[in-house]
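Structure record follows, encoded as structure tokens.
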Amino acid sequence: MFSFCTDPSILPDWQWMACYLTTGKHMSIYWSVLTVFLLLAITAPTALAFGFAGASAARSRIAPVSWLGRGYIAIVRGVPDIAFFLFFVIALDQAIEYLRHRAICPDWTEPVRQGNDFVVCAAAKMPLGNAPQWIHETYGFGLAVLTFAIVFGAFAANVLFGAMRAVPKAQLETAEAYGMTPRQTFWRVMVPQMWVYALPGLSNLWMVLIKATPLLFLLGVEDIVYWARELGGTKTSRFTEYPHGDWRMWYFLALLVFYLMFTRVSEIVLDRLMVRLTRGQATTGGEAQRKAAT
Amino acid sequence: MKSILLTTAAMAMTAGMAMAQDVVRMGTEGAYPPYNFINDAGEVDGFERELGDELCARAELTCEWVTNEWDSIIPNLVSGNYDTIIAGMSITDERDEVIDFTQNYTLPDPSAYVAMSADVDLEGGVLAAQANTIQAAFIAETGATLVEFATPEETIAAVKNGEADAVLADKAFLTPIADEDADLMMLDKEELIGGGIGLGLRESDTELKEKFDAAITSMKEDGSLNALIAKWEIGDGF
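Rendered as structure tokens:
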């Protein structure tokens, strides 16, 4: 990185540190921070959409739709995250490959399951075996986002389901009395008012989601915890220009600070959002705001 | 003129397809120097990197390197996320039931103990090893208490913080660590376990296995494998 980095063993401390922290390997951990942010940025709205769909389905008056919504919430909430992450991703990946295999190679005669092996024709591989590494990584990342969205979507669905029921009944009856259709009542009266009841639950979920990002490594995406462990491990001088002892403690300390700062910023933002959503609502918070204003 | 262009385009495409099918994804752990590790530039490096690149060149394959956690390295091979395991994996009967191995490309490297002091009770003490390794299986058979860790790094850390009395691992991995760390010492006792290291492949991938076997044979014959083993200090040559 810097011009003076050619022979690290003779450098003074701060220069050594500057060189050490800018090796190609350290660049990987900085990139992985961006990976985590990107995951959160995509997963949070997707999970919210899953949650909204799940909650709407669960309160549907059509029985099968309602069962579907309730089943989704109950099953995904009941299965441990780690089991879900280990099982679901491999199953999903194999299901995609199997379907492609059936569509693309109809004259393939060998069985797909050969003992322990899962073998599909080369053209059905997802992504293709000859695809560059970044496509493999993007695909893995996509699977990760989907898995996170399904898991957190189920929790979000439960929160939104409760929030929808917390909207005062009188509001809905008034809407009906004004001649609104059920659809109009839902979108114009219930949805705008439910967020204030949903936000405490959703903000909890957001915090849990931030802390759950290290599960990424289970899905084969190299996240910051993986790199902290790898970079912090003892390095002997035979295999690196920058030998050091077991520095994992310092790396994990940095992670601790990173996560604490991140959750703190989230809290501040969520508090502001709460104030904004409470405005004009028929809740104690809304009432307090109204009194303070007059 | 047009037909010439078309044929060249068609030839380029078929050549491209033939090339494309030859991409072999090499799965490794990247945390076990000198066999495989991530170097300062963030790339896979080590004995197996050099060996793998040479084998691919000889077998005329295009290879790509992928890292994967040791614990799930076999399941991911079997489900097709990469095509080979080249991660210092010793050939054992147990593993051979699930996957296939090429011929060995190292002789059985003796496993060694590293501890804080020389008077460790190896029969009844607490010994650390990486999970799912031949060393872990070996300790489980003896009277000692086995503590397993997911990464090699943690097994060393367990000895240093007193959680385990000694760690059992491949000698080539432990030697540089014991040399540099004043607190740690290598014990004289060694265990001869495993049948040498081979390349792991899916059982259905016989064609690829033959290609790699032929490449390993040719490297054994012209001495280039021994030169690599000597360079990375992996134990005795063939």
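Chains as they are written, first to last, in the working numbering: chain A, 50 to 343; chain B, 889 to 1126.
The C-beta atom is built at its ideal place from N, Cα and C for all residues, glycine as well.
Treat the numbers as computed from the prediction; the structure is a model and nothing was measured.
Local conformation of residue i per DSSP, three classes
| i | result |
| --- | --- |
| Ile-974 (chain B) | coil |
| Tyr-1001 (chain B) | strand |
| Phe-1037 (chain B) | strand |
| Trp-65 (chain A) | helix |
| Met-229 (chain A) | coil |
| Asn-924 (chain B) | strand |
| Ala-342 (chain A) | helix |
| Ala-157 (chain A) | Reading off the sequence shown, one finds Trp at residue 157 (chain A), where the question assumed Ala. Note: Trp-157 (chain A) maps to coil in three-state DSSP. |
| Lys-284 (chain A) | strand |
| Gly-127 (chain A) | helix |
| Ala-897 (chain B) | Model confidence at Ala-897 (chain B) stands at a pLDDT of 46, short of 50, so the residue's coordinates are unreliable and nothing is read from them. |
| Phe-989 (chain B) | strand |
| Thr-950 (chain B) | strand |
| Val-1055 (chain B) | strand |
| Asp-272 (chain A) | coil |
| Lys-890 (chain B) | For Lys-890 (chain B), the predicted structure reports a pLDDT of 49, less than 50, and the residue's modelled location is therefore unreliable. The matter cannot be settled from this model. |
| Asp-941 (chain B) | helix |
| Ala-1103 (chain B) | helix |
| Leu-1089 (chain B) | strand |
| Ala-140 (chain A) | helix |
| Val-1008 (chain B) | coil |
| Thr-902 (chain B) | Summary for Thr-902 (chain B): the model assigns pLDDT 41, below 50, so the residue's position carries little reliability; its value from the coordinates is reported in the next sentence. The answer is helix: DSSP assigns Thr-902 (chain B) an H, G or I state. |
| Ala-908 (chain B) | The pLDDT assigned to Ala-908 (chain B) is 43, lower than 50, so where the model puts this residue is not dependable; a value taken from the coordinates is nonetheless given after this. Ala-908 (chain B) falls in the helix class under three-state DSSP. |
| Ala-1032 (chain B) | coil |
Integer-rounded CB distance, given that residue j should sit under 8 Å from residue i
| i | j | result |
| --- | --- | --- |
| Phe-311 (chain A) | Ala-277 (chain A) | That pair is no contact at about 15 Å. |
| Ala-203 (chain A) | Tyr-121 (chain A) | 6 Å |
| Ala-945 (chain B) | Ala-1102 (chain B) | Not confirmed; about 13 Å, so no contact. |
| Thr-55 (chain A) | Phe-201 (chain A) | Not confirmed; about 48 Å, so no contact. |
| Ile-1060 (chain B) | Glu-1121 (chain B) | Here residue 1060 (chain B) turns out to be Ala, not Ile, going by the sequence shown. That pair is a contact at about 6 Å. |
| Leu-268 (chain A) | Gly-189 (chain A) | 6 Å |
| Tyr-993 (chain B) | Gly-1086 (chain B) | 6 Å |
| Ala-1054 (chain B) | Ala-1003 (chain B) | 4 Å |
| Ala-261 (chain A) | Leu-209 (chain A) | Not confirmed; about 19 Å, so no contact. |
| Ala-212 (chain A) | Met-243 (chain A) | 4 Å |
| Leu-995 (chain B) | Lys-1099 (chain B) | With a Cβ gap of about 23 Å, Leu-995 (chain B) and Lys-1099 (chain B) do not count as contacting. |
Nearest candidate by alpha-carbon position, reference residue i, set the options
| i | options | result |
| --- | --- | --- |
| Leu-319 (chain A) | A:Asn-253, A:Gly-281, A:Leu-305 | A:Asn-253 |
| Gly-1031 (chain B) | B:Ala-1045, B:Gly-934, B:Gly-1084, B:Glu-1011 | B:Glu-1011 |
| Val-954 (chain B) | B:Glu-1078, B:Phe-1061, B:Val-966, B:Asp-971 | B:Asp-971 |
| Glu-279 (chain A) | B:Glu-917, B:Val-911, B:Arg-913 | B:Glu-917 |
| Thr-158 (chain A) | A:Leu-148, A:Gly-164, A:Gln-143, A:Cys-170 | A:Cys-170 |
| Arg-937 (chain B) | B:Ala-929, B:Asn-924, B:Ala-947, B:Ser-967 | B:Asn-924 |
| Leu-304 (chain A) | A:Ile-273, A:Val-200, A:Tyr-227, A:Val-194 | A:Ile-273 |
| Ala-1028 (chain B) | B:Leu-1056, B:Met-1107, B:Leu-995 | B:Leu-1056 |
| Ile-979 (chain B) | B:Asp-1007, B:Ile-962, B:Asp-1110 | B:Ile-962 |
| Gln-163 (chain A) | B:Gly-968, B:Lys-1099, B:Val-932 | B:Gly-968 |
| Ala-172 (chain A) | A:Ala-67, A:Ala-152, A:Pro-181 | A:Ala-152 |
| Gly-73 (chain A) | B:Met-1107, B:Glu-1095, B:Glu-931 | B:Glu-931 |
| Gln-870 (chain B) | B:Phe-1126, B:Ile-1104, B:Ala-1115 | There is simply no residue 870 (chain B) to check, as chain B begins at 889 and stops at 1126 in what is shown. |
| Ile-987 (chain B) | B:Ser-999, B:Val-1008, B:Leu-965, B:Ile-974 | B:Leu-965 |
| Asn-956 (chain B) | B:Phe-935, B:Glu-982, B:Glu-985, B:Tyr-920 | B:Tyr-920 |
| Asp-1067 (chain B) | A:Pro-292, A:Arg-119, A:Asp-166, A:Trp-65 | A:Pro-292 |
| Asp-166 (chain A) | B:Tyr-1001, B:Val-1008, B:Glu-985, B:Ala-1000 | B:Glu-985 |
| Leu-1015 (chain B) | B:Asn-1049, B:Glu-982, B:Arg-983, B:Leu-995 | B:Asn-1049 |
| Gly-1084 (chain B) | B:Arg-983, B:Val-911, B:Trp-958 | B:Arg-983 |
CB contact check: residue i to chain D, cutoff 7 Å
| i | result |
| --- | --- |
| Ala-929 (chain B) | Note that chain D does not occur in the displayed structure, where the protein chains are A and B. |
Endpoints, beta strand (DSSP E) assigned at residue i
| i | result |
| --- | --- |
| Met-1073 (chain B) | 1073-1079 |
| Gln-1018 (chain B) | 1014-1018 |
| Val-168 (chain A) | Per DSSP, Val-168 (chain A) belongs to no beta strand (DSSP E) and is neither H nor E. |
| Trp-958 (chain B) | It is not in any beta strand (DSSP E) - Trp-958 (chain B) carries neither H nor E in the DSSP assignment. |
Extent of the continuous alpha helix (DSSP H) run through residue i
| i | result |
| --- | --- |
| Met-256 (chain A) | 240-261 |
| Arg-193 (chain A) | The question names Arg, but residue 193 (chain A) in the sequence shown is Ala. Where Ala-193 (chain A) is concerned, the enclosing alpha helix (DSSP H) stretches over 182-215. |
| Gly-47 (chain A) | This structure cannot speak to residue 47 (chain A), because chain A is shown only from 50 to 343. |
| Gly-915 (chain B) | Premise fails: Gly-915 (chain B) lies in the beta strand (DSSP E), 911-916, not in any alpha helix (DSSP H). |
| Pro-176 (chain A) | Note, Pro-176 (chain A): premise wrong, no alpha helix (DSSP H); not H, not E. |
| Leu-1116 (chain B) | 1112-1120 |
| Gly-100 (chain A) | 73-107 |
| Ala-1025 (chain B) | 1022-1029 |
Could you name the residues of the stretch 217-235 of chain A whose beta carbon sits closer than 8 Å to any beta carbon of chain B, in the order they occur along the chain? none
Within 7 Å of chain A by C-beta, residues of the stretch 1109-1120 of chain B in sequence order: none
Any residues in the stretch 1089-1101 of chain B with a beta carbon nearer than 9 Å to a beta carbon of chain A? Which ones, in chain order? Arg-1090, Glu-1091, Ser-1092, Asp-1093
What residues from the stretch 176-190 of chain A come within 7 Å of chain B, judged by C-beta to C-beta, listed N to C? Gly-178, Asn-179, Gln-182
Short of 7 Å Cβ to Cβ, which residues in the stretch 966-984 of chain B face chain A? Val-966, Ser-967, Gly-968
Residues of the stretch 281-307 of chain A with Cβ closer than 8 Å to any Cβ of chain B, in chain order: Gly-282, Thr-283, Thr-285, Ser-286, Arg-287, Phe-288, Thr-289, Glu-290, Tyr-291, Pro-292, Gly-294, Asp-295, Arg-297
Interfacial residues, the stretch 138-167 of chain A to chain B, with Cβ spacing under 7 Å: Ile-139, Gln-143, Gln-163, Gly-164, Asn-165, Asp-166, Phe-167
Taking any Cβ of chain A, which residues in the stretch 1034-1047 of chain B have a Cβ under 8 Å from it, in chain order? Thr-1039, Glu-1041, Ile-1044, Ala-1045
Can you give me, in chain order, the residues of the stretch 67-90 of chain A that have a beta carbon less than 7 Å from any beta carbon in chain B? Thr-72, Gly-73, Lys-74, Met-76, Ser-77
Counting only Cβ-Cβ distances shorter than 9 Å, please list the residues of the stretch 925-953 of chain B near chain A, keeping chain order. Phe-925, Ile-926, Asn-927, Asp-928, Ala-929, Gly-930, Glu-931, Asp-933, Gly-934, Thr-950, Glu-952, Trp-953
Closer than 8 Å between beta carbons: that is the criterion. Which residues of the stretch 994-1028 of chain B meet it against chain A? none
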